[in-house]
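In what follows, a single structure is set out as structure tokens and then discussed.
Residue numbers (the numbering used here): 125 to 408.
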């Protein structure tokens, strides 16, 4: 696995590895935990249960599912409990014809920043491989909450299985996904660097400032650097996710109460004069 590419051969991966595959022409990557026996546990949207693990980070990914939903290799491929987005598939169905990549942990800051594309590595250290497999299999039977592209996606799932880290109680609703941070970071970097463009020396200076803001944003949102994440045991995960859902519902209720009541519709002013009636002409 080189500095720029994380591509690996199937013979190189081991149970507990965090793996991923690029989708839709390298538009985004789909992540999962390899649990051995050519099986992968990963996270999708609940409504796609039964589609052999078709990921749904972007709506167009539904176009990738063609043909039969049944895997000819493994009878239990696509196992997914009702009302859960965690799915077990074979490695072939997970890759869907793409190349196999392995996510890197404990990456030095210089290496992390050198990989401008998010969702390939983290500075955080991973737990032992058996802990990652145990968490993944537990979540297969108990779920991982609601899927959200920016706050709780397939990369967030794999990162939790490998580290056990989740946003702390009271933390902002920010996921741990590196590719989500990159997606938000590109326009944000362009926006925040706008005041500096006036003093930047030409196009190269502008590009350097924007790239610097982007890299800094990626780095401070990495789970290995953030201070608003805590270790949550997988057995306590349901209570943790339930607290966050209750908090979100409470905030929505407070926000609704703070909204001013709708003003009554304005009544159109009516004239006090009665309409004139035409006099009937009397013909003699």
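All C-beta atoms, glycine included, are put in the ideal place defined by N, C-alpha and C.
message = Only counting the same chain, and skipping five residues up and downstream in sequence, which positions put a Cβ closer than 6 angstroms to that of residue 358?
response = Within the chain shown, numbered from 1, the residue matching residue 358 stands at position 234. Excluding positions up to five away in sequence, the list reads 259 and 262.
Can you give the beta carbon distance from residue 170 to residue 141, rounded, assuming they're within the 8 angstroms contact cut?
What you label residue 170 is simply residue 46 of the chain shown in a count that begins at 1. What you label residue 141 is simply residue 17 of the chain shown in a count that begins at 1. Actually they do not touch by this definition, with Cβ atoms about 26 angstroms apart.
State the Cα-Cα distance for the pair residue 218 and residue 382, rounded to the nearest angstrom. The sequence position of residue 218 within the chain shown is 94, counting from 1. The sequence position of residue 382 within the chain shown is 258, counting from 1. Straight-line Cα distance between these residues: approximately 46 angstroms.
From 234, 281, 271 and 272, pick the residue whose C-alpha is nearest to that of residue 256; which is it?
Here the question's residue 256 lines up with position 132 in the chain shown. Measuring from the Cα of residue 256, the nearest candidate turns out to be 281.
field: Own chain partners of residue 303 with C-beta closer than 7 angstroms, once the 5 adjacent residues on each side are dropped
entry: Position 179 of the chain shown, counted from the first residue, corresponds to residue 303. Around residue 303, the same chain offers 152, 153, 242, 243 and 279 as residues with beta carbons nearer than 7 angstroms, after the five sequence neighbours per side are excluded.
Please classify residue 346: is it buried, with 16 or more other beta-carbons within 10 angstroms of its beta-carbon, or exposed?
Working through the chain shown from its first residue, we reach residue 346 at position 222. Per the 10 Å Cβ criterion, buried.
Practice prompt. Compute the Euclidean distance between the alpha carbons of residue 186 and residue 156, then round it to the nearest angstrom.
Written response: If you number the chain shown from 1, residue 186 lands on position 62. If you number the chain shown from 1, residue 156 lands on position 32. Its pLDDT being 38, under 50, residue 186 is placed unreliably by the model, and the measurement read from it follows with that caveat. Cα to Cα, the separation comes out at about 18 angstroms.
For the beta strand (DSSP E) that residue 291 lies in, which residues bound it at each end?
Taking the chain shown and counting its residues from 1, the one referred to as residue 291 is at position 167. Start and end: 289 to 291.
Considering only residues of the same chain and omitting the five flanking positions on each side of residue 135, which have a CB-CB separation below 7 angstroms?
-> Sequence index remark: in the chain shown, residue 135 carries index 11 (1-based). Setting aside the 5 residues that flank it on each side, residue 135 has no residue in the same chain whose C-beta is closer than 7 angstroms to its C-beta.
| request: Express the C-alpha separation of residue 229 and residue 249 in angstroms, rounding to a whole number. | output: Here the question's residue 249 lines up with position 125 in the chain shown. Here the question's residue 229 lines up with position 105 in the chain shown. Cα to Cα, residue 249 sits roughly 6 angstroms from residue 229.
| message | Please report the straight-line C-alpha distance between residue 246 and residue 236, rounded to a whole angstrom. | response | Along the chain shown, one-based indexing puts residue 246 at 122. Along the chain shown, one-based indexing puts residue 236 at 112. So the alpha carbons of these two residues sit roughly 7 angstroms apart.
Query raised in the report: Where does residue 349 sit, in a helix, a strand or coil, going by DSSP?
Result: By one-based count along the chain shown, residue 349 stands at place 225. In the structure shown, residue 349 adopts coil according to DSSP, grouped into three states.
For residue 164 versus residue 197, is the C-beta spacing smaller than 8 angstroms?
To locate residue 164, count along the chain shown from 1; it is residue 40. To locate residue 197, count along the chain shown from 1; it is residue 73. No.
Q.
Residues in the same chain with beta-carbon distance under 8 angstroms from residue 233, minus the five sequence neighbours each way, listed in chain order, please.
A. Within the chain shown, numbered from 1, the residue matching residue 233 stands at position 109. Contacts found: 247 and 343.
Own chain, CB closer than 7 angstroms to residue 160, minus 5 neighbours either side, in chain order: Taking the chain shown and counting its residues from 1, the one referred to as residue 160 is at position 36. Correct list, in chain order: 139.
Checklist line | Own chain residues within Cβ distance below 8 angstroms of residue 137, not counting five before or after | finding: Numbered from 1 along the chain shown, position 13 holds the residue referred to as residue 137. Apart from the 5 residues on each side of it in sequence, residue 137 sits with its Cβ closer than 8 angstroms to the Cβ of 143, 158, 224 and 226 in its chain, given in chain order.
Quick one: Cα of residue 129 to Cα of residue 353, how far? Along the chain shown, read from residue 1 onward, the residue named residue 129 stands at position 5. Along the chain shown, read from residue 1 onward, the residue named residue 353 stands at position 229. Distance between the alpha carbons of residue 129 and residue 353: 28 angstroms.
Inter-residue spacing [alpha-carbon to alpha-carbon] between residue 147 and residue 270
On the chain shown, residue 147 is found 23 positions in, with the first residue counted as 1. On the chain shown, residue 270 is found 146 positions in, with the first residue counted as 1. Taking the CA atoms as reference points, residue 147 sits about 22 angstroms from residue 270.
- Beta-bridge partners of residue 203, as assigned by DSSP: Translated into the one-based positions of the chain shown, residue 203 becomes position 79. DSSP output for residue 203 lists 212 as bridge partner(s).
Exercise. Taking residue 215 as the reference, give the member of 209, 195 and 350 with the closest Cα.
Key: Translated into the one-based positions of the chain shown, residue 215 becomes position 91. If we check each option's Cα against that of residue 215, 195 comes out closest.
Measuring alpha carbon to alpha carbon, tell me which residue in 348, 356 and 133 is nearest residue 222.
One-based indexing of the chain shown puts residue 222 at position 98. Checked all of 348, 356 and 133; the closest Cα to residue 222 is 133.
query: Relative to the alpha-carbon of residue 286, which residue among 220, 252 and 348 has its alpha-carbon at the smallest distance?
result: Numbered from its first residue, the chain shown carries residue 286 at position 162. Distances from the alpha-carbon of residue 286 to those of 220, 252 and 348 put 252 closest.
Whole-angstrom distance between residue 340 and residue 313, CA atom to CA atom:
Against the chain shown, residue 313 aligns to sequence position 189. Against the chain shown, residue 340 aligns to sequence position 216. Because residue 313 sits at a pLDDT of 37, beneath the cut-off of 50, its placement in the model cannot be relied upon, and the point is left open.
query: For residue 198, which three-state DSSP category applies?
result: Within the chain shown, residue 198 is the residue found at index 74, counting from 1. Residue state, collapsed to three classes: coil.
task = Please classify residue 130: does DSSP put it in a helix, a strand, or coil?
result = Residue 130 sits at position 6 when you count from the first residue of the chain shown. Collapsing the DSSP output to three states places residue 130 in coil.
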